[in-house]
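Everything below concerns the one structure shown next.
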Amino acid sequence: MAAGALRVDDLTVAIVLPPKEGFAPGAVGAVGLLVHRLARAGAGGLVVGRGLGGFADVAYEQARYGFGLTEASRYAAGVARMLRRVGPELIEVHNRPEIALGLARRLPGVPVSLFLHNDTQGMRRARRPEDRAALLARLARVVCVSDWVRRRLLDEVPPPARPPAMLPNCIDLPPPPDPVRERLILFAGRVVADKGADLFVAACADALPRLPGWRAEMIGADRFRPDSPDTPFLQALRPLAAAAGVVMHGYLPHDQVLDAMGRAAIVAVPSRWEEPFGLSALEAMAAGAALVCSPRGGLPEVAGDAALYADPAQPGALTEALIALAQDDSRRAALAAAGRARAEQFDAPHAALALLALRRSILA
């Protein structure tokens with residue numbers, strides 16, 4: 004592959020995905036989805052991953068494992084061997100501190116940036132304050148998708164010489180949504196306890212009998228792929244969903260998820276865990292749905308005052324929020340309009356320009 008085809012903004016950039024991240028139509032993970040959006044918006048380069056195939060509109064190469072004691076070190080060794088041939092001027096690693104450090108050690112003449120999509124305090128080589136301080140000192144730049152992620156990174160860390168940068172996640176802003184919506188309450192995301200999938204089913208069991216003409220659906224599985232495992236959590240949830248009148252569709256390709264969000268009147272994101280960002284919430288707002296979400300992690304940063312918040316630790320909060328929105332057409336319409344306006348701030352072309360400026364600042 005010619006290096007000239009990989010040049011973006013007069014730079015040759017390599018974008019390294021986590022080793023288990025998909026990057027192909029129909030099997031793309033959340034990080035791969037964001038990388039693809041930025042590439043199409045003008046901030047691409049050579050995307051490197053372990054999966055077979057890729058998107059036809061983005062340069063992609065599969066990395067083979069090298070030698071090492073751990074999967075991360077084997078992956079870093081294989082990626083480094085490939086990149087010596089490509090000769091990038093900048094390397095961007097997504098969500099794997101140990102791989103970023105491994106590439107910085109193996110390719111000492113090339114700046115390496117690390118893009119954090121999750122809480123570093125749960126990541127290898129970043130759990131302790133001294134580990135996170137070392138990341139900030141050794142890498143060209145650490146980039147956070149939300150202020151919540153940034154605060155977790157800097158927790159108990161002395162002020163670094165190179166403070167972390169901020170680059171929120173982005174979306175492909177769809178056309179203006181149809182204001183006429185189906186009386187549909189939708190959950191779309193991983194069907195796991197952390198995402199509050201069981202809370203959604205329980206809330207619908209209480210709410211739907213009081214909401215004639217409304218229905219509820221769930222899209223998702225344990226993982227973002229068609230062959231996602233059938234977990235004990237899913238097996239236990241199915242009969243509860245059936246009794247509540249909630250239709251579970253399982254995994255669907257991302258375009259079908261967005262289509263459902265574009266029809267639903269209400270989308271719920273009832274996460275128990277501290278969401279590092281909340282991409283599903285942003286996509287729901289962009290699609291014109293009224294959003295109900297939990298006030299955890301980065302979700303309030305994304306939704307601002309354009310959502311109705313329901314604390315997952317408060318019994319009945321999600322039920323009350325769903326009923327309140329379903330029974331109030333004007334409030335639902337106002338919240339949907341506010342969400343769409345807020346989502347416009349996260350459009351991919353704006354994020355791509357910010358990323359290009361960040362790259363230039365790193366190499367200045």
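Quick note: to get the numbering used here, add 3 to the position in the sequence shown (first position is 1).
No residue lacks a Cβ here, since even glycine has one placed at the ideal position from N, Cα and C.
Span separating the alpha-carbon of residue i from that of residue j
| i | j | result |
| --- | --- | --- |
| residue 283 | residue 170 | 17 Å |
| residue 347 | residue 246 | 38 Å |
| residue 24 | residue 230 | 14 Å |
| residue 186 | residue 217 | 5 Å |
| residue 332 | residue 269 | 11 Å |
| residue 232 | residue 192 | 15 Å |
| residue 80 | residue 35 | 21 Å |
| residue 176 | residue 360 | 21 Å |
| residue 364 | residue 195 | 40 Å |
| residue 248 | residue 208 | 7 Å |
| residue 58 | residue 317 | 43 Å |
| residue 67 | residue 56 | 13 Å |
| residue 100 | residue 86 | 18 Å |
| residue 274 | residue 88 | 43 Å |
| residue 266 | residue 184 | 5 Å |
| residue 338 | residue 188 | 15 Å |
| residue 96 | residue 37 | 13 Å |
| residue 297 | residue 210 | 17 Å |
| residue 312 | residue 334 | 14 Å |
| residue 94 | residue 219 | 44 Å |
| residue 72 | residue 50 | 25 Å |
| residue 182 | residue 258 | 20 Å |
Where the alpha helix (DSSP H) containing residue i begins and where it ends
| i | result |
| --- | --- |
| residue 109 | 100-109 |
| residue 322 | 320-329 |
| residue 207 | 200-210 |
| residue 78 | 74-89 |
| residue 34 | 33-43 |
| residue 304 | 302-306 |
| residue 155 | 150-157 |
Residue i, enclosing beta strand (DSSP E) - first and last residue
| i | result |
| --- | --- |
| residue 190 | 185-191 |
| residue 118 | 115-119 |
Reduced DSSP category for residue i - H, G, I as helix; E, B as strand; rest coil
| i | result |
| --- | --- |
| residue 312 | strand |
| residue 52 | strand |
| residue 134 | helix |
| residue 59 | coil |
| residue 297 | coil |
| residue 348 | helix |
| residue 127 | coil |
| residue 144 | strand |
| residue 255 | coil |
| residue 333 | helix |
| residue 260 | helix |
| residue 286 | helix |
| residue 343 | helix |
| residue 64 | strand |
| residue 95 | strand |
| residue 139 | helix |
| residue 268 | strand |
Residue environment, residue i, which counts as buried when at least 16 other CB atoms sit within 10 Å
| i | result |
| --- | --- |
| residue 15 | buried |
| residue 108 | exposed |
| residue 53 | buried |
| residue 4 | Note that residue 4 scores a pLDDT of 43, beneath 50, so its modelled location is shaky and nothing firm can be said. |
| residue 90 | exposed |
| residue 70 | exposed |
| residue 111 | exposed |
| residue 167 | buried |
| residue 21 | buried |
| residue 303 | buried |
| residue 345 | buried |
| residue 366 | exposed |
* To do: Mind the definition here: the stretch 136-144 touches the stretch 246-255 only if three or more C-beta pairs lie below 8 Å; say whether that holds.
  => no
* To do: Decide if the stretch 228-245 is in contact with the stretch 188-208; the criterion is three or more beta carbon pairs, one per stretch, under 8 Å apart.
  => yes
* At least 3 beta-carbon pairs within less than 8 Å: the stretch 213-231 vs the stretch 26-34 -> yes
* Any chance the stretch 166-181 sits against the stretch 345-365, with 3 or more Cβ pairs inside 8 Å? -> yes
* To do: Could you tell me whether the stretch 42-50 touches the stretch 113-121, where touching means 3 or more Cβ pairs closer than 8 Å?
  => no
* Asked: Should the stretch 122-137 be regarded as contacting the stretch 146-161, the criterion being three or more beta carbon pairs within less than 8 Å?
  -> yes
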